[in-house]
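Residue numbers (the working numbering): 1 to 390. Each residue gets a CB set at the ideal place from its N, CA and C atoms; glycine is no exception.
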Amino acid sequence: MRNPLSDTVVQLKPSGIRKFFDVVQEMPDAISLGVGEPDFDTPWHIREEGIYSLERGRTFYTSNAGLMELRQAIARYTYRKCNISYDPKKEILVTVGGSEGIDVALRAMLNPGDEVIIPEPSYVSYVPCVALTGGVPVTIPLQEKNRFKLTEEELLGAITDKAKILVLTFPNNPTGAIMTKEDLEPIARIVREKDLYVISDEIYAELTYGVDHCSIATFPGLRERTIVINGFSKAFAMTGWRLGYAMGPEVILKQMTKIHQYCIMAAPTTSQYAAVEAMNNGEEDVQEMRNAYNHRRRYLVERFKQIGLKCFEPEGAFYIFPSIQEFGMTSEEFATRFLREEKVAVVPGTAFGECGEGFLRVSYAYSLDELKIALGRLERFIDRLRSEKF
Numbered sequence: 001m002r003n004p005l006s007d008t009v010v011q012l013k014p015s016g017i018r019k020f021f022d023v024v025q026e027m028p029d030a031i032s033l034g035v036g037e038p039d040f041d042t043p044w045h046i047r048e049e050g051i052y053s054l055e056r057g058r059t060f061y062t063s064n065a066g067l068m069e070l071r072q073a074i075a076r077y078t079y080r081k082c083n084i085s086y087d088p089k090k091e092i093l094v095t096v097g098g099s100e101g102i103d104v105a106l107r108a109m110l111n112p113g114d115e116v117i118i119p120e121p122s123y124v125s126y127v128p129c130v131a132l133t134g135g136v137p138v139t140i141p142l143q144e145k146n147r148f149k150l151t152e153e154e155l156l157g158a159i160t161d162k163a164k165i166l167v168l169t170f171p172n173n174p175t176g177a178i179m180t181k182e183d184l185e186p187i188a189r190i191v192r193e194k195d196l197y198v199i200s201d202e203i204y205a206e207l208t209y210g211v212d213h214c215s216i217a218t219f220p221g222l223r224e225r226t227i228v229i230n231g232f233s234k235a236f237a238m239t240g241w242r243l244g245y246a247m248g249p250e251v252i253l254k255q256m257t258k259i260h261q262y263c264i265m266a267a268p269t270t271s272q273y274a275a276v277e278a279m280n281n282g283e284e285d286v287q288e289m290r291n292a293y294n295h296r297r298r299y300l301v302e303r304f305k306q307i308g309l310k311c312f313e314p315e316g317a318f319y320i321f322p323s324i325q326e327f328g329m330t331s332e333e334f335a336t337r338f339l340r341e342e343k344v345a346v347v348p349g350t351a352f353g354e355c356g357e358g359f360l361r362v363s364y365a366y367s368l369d370e371l372k373i374a375l376g377r378l379e380r381f382i383d384r385l386r387s388e389k390f
């Protein structure tokens, strides 16, 4: 028999996030700080709207692009938050999670050989999705000394005549870094000068602490060059509802919708009705959850200081990215031993790119009680490692 498999797919590595999650599921008394899933239930009034839609028999297909009512709500929400206007008829696509939005944007825009610039550490999907299109991922290793922000010099050094798209993922998973308006200004100028396009993954836009999120699409000349990806999973605690959206110029969204039409048909109808309620009446819920995450964030920063673990203070998302370089172990070795000896799962930094070596991603989308127990186990583990050195 001939080989039934695609060489490209076989060469893709499985997600490094899920590996530790799957192990901890079968380990009694284990604590997982590895998955970026809010520990909050979806707010009741949002769930109620989903239930109501089922009771009313709203189990039909929606438009390929999504319910017009939802696209209108997304347009209003985006204008209210970012002061950017999108036409709900032509410039917004409702997707199955933000991940689908990333995938169809890349497939709609890339030809084989086109280069996509991806600052890392970053979410695990970008490099594989580029590879699946026949594009070429060009990674930029971001530096802890720069608080894992993308600098003008780093971007210029990665651009060739084949570069077409820059992926921006701020607030960042896994580092918790953000890019302020001042940080983005030189990036926006380079994008214009070098005739690039941007895929801006803003799924954590609502989760910033102290500084409001700024979208690169707000800069002059960038709206027509940018696909903004967002969704409901993180801000509204709607991970299992599998709903996201993409916004951008009609010429690109038209082709993205075509791909979505053939591969997906339409996002889940029940989820879309619930999302309308989230867009229209969910801001108080988001604020309540953001305040809780901020409290946990401050706890972890202070606790890492007490333990003596080097870590910069994250300003967005719900992750912290401590360095474990002092122990002379790889991130994989550290995470594996920590799970085996103390029954706590964290994710090796290398799951998010090679430059994540020497770091761990710790999610604080978990209760404060769980975090306190887990950090107690981490302190005990680190004390043991330090005693082994002497």
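**OP:** Determine the contact status of PHE304 and ILE320, defining contact as a CB-CB distance below 9 Å.
**Re:** Here residue 304 corresponds to residue number 304 of the sequence shown, with the count starting at 1. Here residue 320 corresponds to residue number 320 of the sequence shown, with the count starting at 1. Their beta carbons are under 9 Å apart, which means PHE304 touches ILE320 by this criterion.
Original post:
How big is the Cα-Cα spacing for VAL130 and ASP201?
Top reply: Working through the sequence shown from its first residue, we reach residue 130 at position 130. Working through the sequence shown from its first residue, we reach residue 201 at position 201. Using only the alpha carbons, I get a separation of about 15 Å.
Subject >> Uninterrupted alpha helix (DSSP H) stretches inside the segment 131 to 212 (no shorter than 4 residues) >> reply: Whole alpha helix (DSSP H) segments, 4+ residues: 152 to 158 and 181 to 193.
Subject >> Per DSSP, the bridge partner or partners of MET247 >> reply: Taking the first residue of the sequence shown as 1, we reach residue 247 at position 247. ILE92 and VAL228.
Original post:
Taking the C-alpha atoms as reference points, what is the distance between GLU49 and ARG80?
Top reply: Working through the sequence shown from its first residue, we reach residue 49 at position 49. Working through the sequence shown from its first residue, we reach residue 80 at position 80. Going from the Cα of GLU49 to the Cα of ARG80 covers about 23 Å.
Original post:
Taking buried to mean at least 16 other C-beta atoms within 10 Å of its own C-beta, is GLY231 buried or exposed?
Top reply: For the purposes of this step, residue 231 is identified with residue 231 of the sequence shown, where counting begins at 1. That one is buried.
**OP:** Kindly indicate which three-state DSSP category ARG298 falls into: helix, strand or coil?
**Re:** Mapped onto the sequence shown, residue 298 falls at position 298. Three-state DSSP puts ARG298 in a helix.
**OP:** Determine the burial state of PRO220: buried for a count of at least 16 other Cβ atoms within 10 Å of its Cβ, exposed for fewer.
**Re:** Taking the first residue of the sequence shown as 1, we reach residue 220 at position 220. Its Cβ having fewer than 16 others within 10 Å, PRO220 is exposed.
Original post:
Quick one: what's got a C-beta closer than 7 Å to ILE252's C-beta in the same chain, skipping five residues either side?
Top reply: Taking the sequence shown and counting its residues from 1, one reaches residue 252 at position 252. Counting only Cβ-Cβ distances below 7 Å, and skipping sequence neighbours, we find ALA108, MET109 and ILE227.
Original post:
Between the C-alpha atoms of SER271 and PHE40, what's the straight-line distance to the nearest angstrom?
Top reply: The count along the sequence shown starts at 1 and reaches residue 271 at position 271. The count along the sequence shown starts at 1 and reaches residue 40 at position 40. Looking at the two C-alpha atoms, the distance is approximately 17 Å.
Original post:
Does DSSP put ARG47 in a helix, in a strand, or in coil?
Top reply: Taking the first residue of the sequence shown as 1, we reach residue 47 at position 47. ARG47 falls in the helix class under three-state DSSP.
Original post:
What is the rounded straight-line gap between the Cα of LEU371 and the Cα of ARG337?
Top reply: Position 371 of the sequence shown, counted from the first residue, corresponds to residue 371. Position 337 of the sequence shown, counted from the first residue, corresponds to residue 337. Answer to the nearest angstrom: the Cα atoms are 19 Å apart.
Original post:
Does the Cβ-Cβ distance between SER15 and GLY98 come in under 9 Å?
Top reply: Position 15 of the sequence shown, counted from the start, is the residue given in the question as residue 15. Position 98 of the sequence shown, counted from the start, is the residue given in the question as residue 98. No; because the gap between Cβ atoms is not below 9 Å, this pair is not in contact.
**OP:** Enumerate in chain order the residues of its own chain whose CB-to-CB distance from ALA217 is below 7 Å, with the five nearest sequence positions on each side excluded.
**Re:** For the purposes of this step, residue 217 is identified with residue 217 of the sequence shown, where counting begins at 1. Non-local beta-carbon contacts of ALA217 in its own chain, meaning distances under 7 Å to residues more than five positions away in sequence, involve ILE84, SER200, ARG223, THR226 and VAL228 in chain order.
Subject >> Reference TYR77, options PRO186, MET247 and ILE259, closest by Cα >> reply: Taking the first residue of the sequence shown as 1, we reach residue 77 at position 77. Checking every option, the nearest Cα to that of TYR77 belongs to MET247.
Original post:
Between the segment 258 to 267 and the segment 61 to 75, do three or more beta carbon pairs fall short of 8 Å?
Top reply: yes
**OP:** Return the CA-CA distance between GLN306 and GLY328, expressed in angstroms with no decimal places.
**Re:** For the purposes of this step, residue 306 is taken as residue 306 along the sequence shown, with counting starting at 1. For the purposes of this step, residue 328 is taken as residue 328 along the sequence shown, with counting starting at 1. GLN306 and GLY328: Cα-Cα distance of roughly 21 Å.
Subject >> Extent of the continuous alpha helix (DSSP H) run through ARG56 >> reply: Counting from one through the sequence shown, the residue named residue 56 turns up at place 56. The continuous stretches of alpha helix (DSSP H) do not include ARG56, and DSSP gives it neither H nor E.
Subject >> Outcome for ARG340 when other beta-carbon atoms lying within 10 angstroms are tallied against a minimum of 16 >> reply: Taking the first residue of the sequence shown as position 1, residue 340 is located at position 340. Under this definition ARG340 is an exposed residue.
**OP:** Classify ARG361 as helix, strand or coil using the three-state DSSP reduction.
**Re:** Locating residue 361 in the sequence shown gives position 361, counting from the first residue. Strand, per DSSP.
Original post:
Just the Cα atoms here: how many angstroms apart are PHE381 and PRO38?
Top reply: Here the question's residue 381 lines up with position 381 in the sequence shown. Here the question's residue 38 lines up with position 38 in the sequence shown. Rounded to the nearest angstrom, the two C-alpha atoms are 26 Å apart.
Original post:
Apart from the five residues on each side of it in sequence, which residues of its chain come closer than 8 Å, Cβ to Cβ, to SER125?
Top reply: The count along the sequence shown starts at 1 and reaches residue 125 at position 125. Counting only Cβ-Cβ distances below 8 Å, and skipping sequence neighbours, we find SER99, ILE102 and ASP103.
Original post:
Assuming VAL344 and ARG377 make a contact with CB atoms under 8 Å, what is their CB distance in whole Å?
Top reply: Walking along the sequence shown from the start, residue 344 turns up at place 344. Walking along the sequence shown from the start, residue 377 turns up at place 377. Yes, VAL344 and ARG377 are in contact; Cβ-Cβ is about 5 Å, under 8 Å.
Original post:
With C-beta atoms as the reference, is GLY316 less than 9 Å away from PRO171?
Top reply: Residue numbering aside, residue 316 sits at position 316 when the sequence shown is read from its first letter. Residue numbering aside, residue 171 sits at position 171 when the sequence shown is read from its first letter. It is a contact, given that the beta carbons lie within the stated cut-off.
**OP:** Measure the beta-carbon distance from PHE318 to GLU144 and round it to whole angstroms, keeping in mind my assumption that it falls under 8 Å.
**Re:** Position 318 of the sequence shown, counted from the start, is the residue given in the question as residue 318. Position 144 of the sequence shown, counted from the start, is the residue given in the question as residue 144. That pair is no contact at about 19 Å.
**OP:** Determine which residues share a DSSP beta bridge with VAL347 and list them.
**Re:** Within the sequence shown, residue 347 is the residue found at index 347, counting from 1. Answer is ARG361.
**OP:** Find the nearest neighbour of GLY356 within the set LEU106, LYS89, PRO249 and SER122, judged by alpha-carbon distance.
**Re:** As a working note, residue 356 is residue 356 in the sequence shown. That would be SER122, whose Cα lies nearest to the Cα of GLY356.
Subject >> Assigned secondary structure, SER63 (DSSP; H/G/I helix, E/B strand, else coil) >> reply: Numbered from its first residue, the sequence shown carries residue 63 at position 63. In this structure, SER63 counts as coil in the three-state DSSP scheme.
Subject >> Element boundaries [alpha helix (DSSP H), containing GLU388] >> reply: For this step, residue 388 is matched to residue 388 along the sequence shown. Annotation: the continuous alpha helix (DSSP H) that includes GLU388 extends over 368 to 388.
Subject >> Which of helix, strand or coil DSSP assigns to VAL124 >> reply: The count along the sequence shown starts at 1 and reaches residue 124 at position 124. Three-state result, VAL124: coil.
Original post:
Should THR8 go down as buried or exposed, given a rule of 16 or more other Cβ atoms within 10 Å for buried?
Top reply: Here residue 8 is taken as the residue at index 8 of the sequence shown, counted from 1. Counting Cβ neighbours within 10 Å, THR8 comes out exposed, since fewer than 16 surround it.
**OP:** Tell whether a beta-carbon distance below 9 Å holds between THR62 and ALA274.
**Re:** What you label residue 62 is simply residue 62 of the sequence shown in a count that begins at 1. What you label residue 274 is simply residue 274 of the sequence shown in a count that begins at 1. No; because the gap between Cβ atoms is not below 9 Å, this pair is not in contact.
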